[in-house]
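Just below is one structure, and these are the notes that go with it.
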Amino acid sequence: MTYIDDSKGMPAMAGEARVEDYLALLKPRVMSLVVFTALVGMLVAPIGVNPVIGLIAIVCIAIGGGASGALNMWYDADIDAVMSRTQNRPIPSGRVTRGEALAFGLTLSAFSVTLLGLATNWVAGGLLAFTIFFYAVIYTIWLKRSTPQNIVIGGAAGAFPTMIGWAAVTGAISWESLSLFLIVFLWTPPHFWALALYKQGDYAAAGIPMMPNVVGEASTKRQIFVYSVILAVSAFVPIYLGLGGWIYGLVAMGTGIGFVYLAIRLLQAPSNVDMRKAARRLFTFSLSYLFVLFLGLLADNFVTRIEGFWS
Numbered sequence: 001m002t003y004i005d006d007s008k009g010m011p012a013m014a015g016e017a018r019v020e021d022y023l024a025l026l027k028p029r030v031m032s033l034v035v036f037t038a039l040v041g042m043l044v045a046p047i048g049v050n051p052v053i054g055l056i057a058i059v060c061i062a063i064g065g066g067a068s069g070a071l072n073m074w075y076d077a078d079i080d081a082v083m084s085r086t087q088n089r090p091i092p093s094g095r096v097t098r099g100e101a102l103a104f105g106l107t108l109s110a111f112s113v114t115l116l117g118l119a120t121n122w123v124a125g126g127l128l129a130f131t132i133f134f135y136a137v138i139y140t141i142w143l144k145r146s147t148p149q150n151i152v153i154g155g156a157a158g159a160f161p162t163m164i165g166w167a168a169v170t171g172a173i174s175w176e177s178l179s180l181f182l183i184v185f186l187w188t189p190p191h192f193w194a195l196a197l198y199k200q201g202d203y204a205a206a207g208i209p210m211m212p213n214v215v216g217e218a219s220t221k222r223q224i225f226v227y228s229v230i231l232a233v234s235a236f237v238p239i240y241l242g243l244g245g246w247i248y249g250l251v252a253m254g255t256g257i258g259f260v261y262l263a264i265r266l267l268q269a270p271s272n273v274d275m276r277k278a279a280r281r282l283f284t285f286s287l288s289y290l291f292v293l294f295l296g297l298l299a300d301n302f303v304t305r306i307e308g309f310w311s
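What the sequence shown shows, in the working numbering, is residues 1 to 311, in sequence order.
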């Protein structure tokens, strides 16, 4: 049976939803980054954590991140329907209704925040609640459609998980966790603006004021370069705070040089075709940047703790 789904008049097929459709609402790729950065924040914290409590915390953070994704898809169903890379998502394809996605997201939000607060502490639970609110309301409902700075400000939502993981262990917010937050926050604009440079048509069709569509390609490329340089420098802040050592420093140097180099290549691209190729290369590199950088931080902390154990 086909019917028209609530306020945005989108077709939906009743009873068509499968388990994988609800999993897709959680944005598993985005969730994987949320889980990894939260795990890093948890593992580099100065206090050990009970493995069971740590596992519960990671599951809660993953569910909370997925809830944010479901709420994002609920509100953005109209623009997802006109963008090539999102047209097959569960709501615009008609497999899940907007009402079902909203109920799913709200239920998971309440469950994840409550369980995290009870299992660890309410600093972590409060941070998770604020993260979900920030992504669903501040970014999705307000910023995304109103300003080309949407990604800059909205990037905070993706950066909070490092602080949540740290707080789940320590019960506090610290300069160390803020330094990890800063890295993810500064990574977000060049990552998404590189994507926006070769997906301008999609964003224009959806009416989303991404930076290239508003200020032009030249200005966007300059801003990507500036953010890339600041990001590369900010990656050394954890060393200053005693959170990383020489292993992490080498990784931060190598990944930072790579990021800035690709940003320069993008800045100097002589033609539109070259620009799109350079933007795609930078975007692809940025996908692995945080993983490699934070893996270096984990390796550094592991070696330091092993040396401390034997000394």
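By construction, the Cβ of each residue, glycine as well, lies at the ideal position given by its N, Cα and C atoms.
If you ignore the 5 residues before and after Y75, its C-beta comes within less than 7 Å of the C-beta of T140, I141, all in its own chain and listed in chain order.
Of the residues R280, I306, Y248, G258, the one whose Cα lies closest to the Cα of L295 is Y248. Fully enclosed alpha helix (DSSP H) runs of no fewer than 4 residues occupy 237-240 of the region 222-261, in order along the chain. Membership of T170 in the alpha helix (DSSP H) is indicated by the continuous run 150-170. Cβ neighbours of T162 within its own chain (closer than 7 Å, five residues either side excluded): T37, A38, V40, G41, S177, L180, F181, V184. Here S109 is buried, its C-beta having at least 16 other C-beta atoms within 10 Å. D76 carries a coil assignment under DSSP once its states are collapsed to helix, strand and coil. Judged by DSSP in its simplified three-state form, A81 adopts coil rather than helix or strand. Here P189 carries a helix assignment [DSSP, helix/strand/coil]. For M211, the enclosing alpha helix (DSSP H) begins and ends at 211-215. Within its own chain, the residues whose Cβ lies closer than 7 Å to the Cβ of V260, once the five positions on either side in sequence are excluded, are S228, V229, A232, listed in chain order.
When secondary structure is reduced to three states using DSSP, R281 falls in the helix class.
Apart from sequence neighbours up to five positions away, the residues of its chain that approach R265 with a beta-carbon distance below 6 Å are A278, ordered along the chain. Pairing W166 with A45 gives a Cβ-Cβ distance under 8 Å. Excluding five sequence positions before and after Y289, the CB atoms of its chain that fall closer than 7 Å to its own CB belong to W187, T255, F259, given in chain order.
Bounds of the alpha helix (DSSP H) holding A24 are 19-25. Spatial neighbours of K27 in its own chain (CB-CB distance under 6 Å, excluding positions within 5 residues in sequence) are listed in chain order as G69. Between W193 and I224, the beta carbon gap of about 5 Å places them in contact (Cβ cut-off 8 Å). Rounded to the nearest angstrom, the gap between the Cα atoms of I164 and A218 is 37 Å. Between M83 and D274, the beta carbon gap of about 25 Å keeps them out of contact (Cβ cut-off 8 Å). Note that the C-beta distance between V96 and L25 is below 8 Å.
Just measuring C-alpha positions, the residue of V226, D300, M211 sitting nearest G245 is D300. Residues of the same chain with a CB within less than 6 Å of the CB of G171, apart from the 5 flanking positions on each side, are N121, V123 in chain order. Inclusion of I56 and L115 in the CB contact set at 8 Å is warranted, their separation being smaller than that value. Distance from the CA of V19 to the CA of I306, rounded to the nearest whole angstrom, comes to 43 Å. Annotated as distal: V303 and V251, with beta-carbon spacing of 8 Å or more.
Nearest C-alpha to V226 among M210, L241, A263: A263. Cβ-Cβ distances below 6 Å link P209 to P148 in the same chain, with the five nearest sequence neighbours on each side left out; the list follows chain order.
Taken atom to atom, the span from the alpha-carbon of G65 to that of A119 is near 17 Å. For L195, the closest alpha carbon among the candidates F104, R280, D80 is that of R280. By the CB criterion at 8 Å, P92 and I151 fall outside the cutoff.
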